[in-house]
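Asks: Sharing a structure here in structure tokens format.
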Ligand SMILES: [Zn+2]
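Below, the structure is given as structure tokens:
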């Protein structure tokens, strides 16, 4: 057995990371949104950091429960620290990188992330009864704020499955609850449910209409009336959208043309996300699109070069394809490019 070592706390500030407070205030005022990209491996992290540096964008690196199970929370934390050094090495003098816990489900988990250097945590009590969600979120905020770590809460339930976060049906956020929730908990940002959902299969074909020109499925529009209701209640308060991948058809086509089988994958159209980014929505979570970009490039490379067995030869193109996707999101969807001070 290992001897129990007394762990000392690590502050994210020593690691060169930042919290979300100033970043979100600027994004809300500037009418853009910060990208929150999930990562669980080196190639993905390299692609995210290269994209953020080349476009001069702030960025949120997200660690989900699934990522912690896959890659280990401690390793991911050191990778985020490495990301700051890597960005500086690429010539970015003042990178703005947040290390964020995605969907924290307990106080203990949030505390352990804060203690090891995360600069932001989400406490997701959205599946709990309202008063329990308030109590849990408040407890996390009280601990986090002692260390200047920012906290994202959630009201309303998203449909879909992603990394053990699963719900059959979505329940839109009730705008009449948000002021009470934010006041009682003291949270720094709020994830709301307006029709986005987790995963690459966000809607059933029955929920969609068919585009007569392309024959492709068009999802139902987001509930912008709910978003407007929330903004009216909480003017200028940072709002977060989860489950906001667009599921690019060309990546799905590449996967299916090279031995894959993704049927009826549907995401959120980018023009709707562009509209949301201009509002109080200041953090948009994107995970599935990066998975699709990675898988498409790996399948294509292996199909074209069946004798290849050096992982760098197919993970390299996968990294390139993810980087291209991240740059596209930053520049064409979120509008967070050229926002770093030099
Ligand atoms: Zn989520």
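Numbering (this note's numbering), first residue to last: 204 to 545. The beta carbon of each residue, even a glycine, is placed where N, CA and C say it ideally should be.
#1: Please classify residue 517: is it buried, with 16 or more other beta-carbons within 10 angstroms of its beta-carbon, or exposed?
#2: Measure how close the beta-carbons of residue 235 and residue 538 come, nearest whole angstrom, since I'm counting them as under 8 Å.
#3: If the criterion is Cβ atoms closer than 7 Å, does the pair residue 354 and residue 381 meet it?
#4: How many Å lie between residue 253 and residue 491 at the Cα?
#5: Since residue 479 contacts residue 444 with CB under 8 Å, what's their CB separation in whole angstroms?
#6: Spatial neighbours of residue 270 within its chain, please: C-beta separation below 6 Å, excluding the five flanking residues on both sides.
#7: Taking the alpha helix (DSSP H) that residue 341 falls in, what are its first and last residues?
#8: Would you tell me roughly how many angstroms separate the C-alpha atoms of residue 466 and residue 407, rounded to the nearest one?
#9: Please state whether the Cβ-Cβ distance between residue 388 and residue 344 is less than 7 Å.
#10: Tell me whether residue 204 sits in a helix, a strand or coil according to DSSP, three-state version.
#11: Cβ atoms of residue 289 and residue 317: under 7 Å apart, would you say?
#12: Rounded to whole angstroms, what is the Cα-Cα separation between residue 426 and residue 303?
#13: Answer yes if the segment 219–230 comes into contact with the segment 500–515, meaning at least three C-beta pairs across the two stretches below 8 Å, and no otherwise.
#14: Under the rule that 16 or more other beta-carbon atoms within 10 Å means buried, what is residue 240, buried or exposed?
#15: Confirm the yes/no value for this check: CB of residue 445, any heavy atom of ligand 1, distance under 6 Å.
#16: Given residue 204, which residues of its chain have a CB within under 8 Å of its CB, disregarding the five upstream and five downstream residues?
#17: Would DSSP call residue 442 helix, strand or coil?
#18: Cutting at 8 Å between CB atoms, please list the residues of its own chain near residue 534, excluding the five before and the five after it.
#19: Counting Cβ pairs, one atom from each stretch, are 3 or more of them under 8 Å apart for the segment 470–489 and the segment 446–462?
#20: Which residues share a DSSP beta bridge with residue 394?
#21: Within the same chain, show all residues whose beta-carbon is closer than 8 Å to that of residue 441, passing over the 5 residues directly before and after it, in chain order.
#22: Sort out for me which residues DSSP pairs residue 324 with in a bridge.
#23: Give a single yes or no on whether residue 223 has its beta carbon closer than 6 Å to a heavy atom of ligand 3.
Replies: Well, looking at it:
#1: Residue mapping note: residue 517 aligns to position 314 of the chain shown, counting from 1. Result: buried.
#2: For the purposes of this step, residue 235 is taken as the residue at position 32 of the chain shown. For the purposes of this step, residue 538 is taken as the residue at position 335 of the chain shown. About 4 Å; that satisfies the 8 Å criterion.
#3: By 1-based counting over the chain shown, the position of residue 354 is 151. By 1-based counting over the chain shown, the position of residue 381 is 178. Cβ atoms of residue 354 and residue 381: not closer than 7 Å.
#4: Within the chain shown, the letter at position 50 stands for residue 253. Within the chain shown, the letter at position 288 stands for residue 491. Distance between the alpha carbons of residue 253 and residue 491 is about 19 Å.
#5: Position 276 of the chain shown holds residue 479. Position 241 of the chain shown holds residue 444. Here residue 479 really is in contact with residue 444; their C-beta atoms are around 6 Å apart, less than 8 Å.
#6: Locating residue 270 in the chain shown gives position 67, counting from the first residue. The answer, listed in chain order, is 243.
#7: Indexing the chain shown from 1 puts residue 341 at position 138. Element bounds for residue 341: 333–349.
#8: Along the chain shown, one-based indexing puts residue 466 at 263. Along the chain shown, one-based indexing puts residue 407 at 204. Taking the straight line joining both Cα atoms gives about 11 Å.
#9: Residue 388 sits at position 185 when you count from the first residue of the chain shown. Residue 344 sits at position 141 when you count from the first residue of the chain shown. Yes, Cβ-Cβ distance for residue 388 and residue 344 is below 7 Å.
#10: Locating residue 204 in the chain shown gives position 1, counting from the first residue. Its pLDDT being 48, under 50, residue 204 is placed unreliably by the model, and the measurement read from it follows with that caveat. Looking at residue 204 - three-state DSSP - the assignment turns out to be coil, as it is neither helix nor strand.
#11: Walking along the chain shown from the start, residue 317 turns up at place 114. Walking along the chain shown from the start, residue 289 turns up at place 86. Taking 7 Å as the Cβ cut-off, residue 317 and residue 289 do not qualify as a contacting pair.
#12: As a position in the chain shown, residue 426 is number 223, starting the count at 1. As a position in the chain shown, residue 303 is number 100, starting the count at 1. About 26 Å.
#13: no
#14: On the chain shown, residue 240 is found 37 positions in, with the first residue counted as 1. By the 16-neighbour rule on beta-carbons within 10 angstroms, residue 240 is buried.
#15: On the chain shown, position 242 is the one that residue 445 refers to. Result yes, Cβ under 6 Å from ligand 1.
#16: On the chain shown, position 1 is the one that residue 204 refers to. Because the pLDDT at residue 204 is just 48, under 50, the model does not fix this residue reliably, and the point stays unresolved.
#17: Looking up residue 442 in the chain shown gives position 239. Residue 442 falls in the strand class under three-state DSSP.
#18: To locate residue 534, count along the chain shown from 1; it is residue 331. 258 and 540, listed in sequence order.
#19: A contact between stretches requires three or more CB pairs, one per stretch, nearer than 8 Å, and the segment 470–489 meets this requirement with the segment 446–462.
#20: By 1-based counting over the chain shown, the position of residue 394 is 191. 357 and 443.
#21: Position 238 of the chain shown, counted from the start, is the residue given in the question as residue 441. Around residue 441: 223, 227, 228, 230, 231, 391, 392, 393, 483, 485 and 486.
#22: To locate residue 324, count along the chain shown from 1; it is residue 121. According to DSSP, which records beta bridges pairwise, residue 324 is partnered with 304 and 354.
#23: With respect to ligand 3, the structure shown offers nothing to examine, as its ligands consist of ligand 1.
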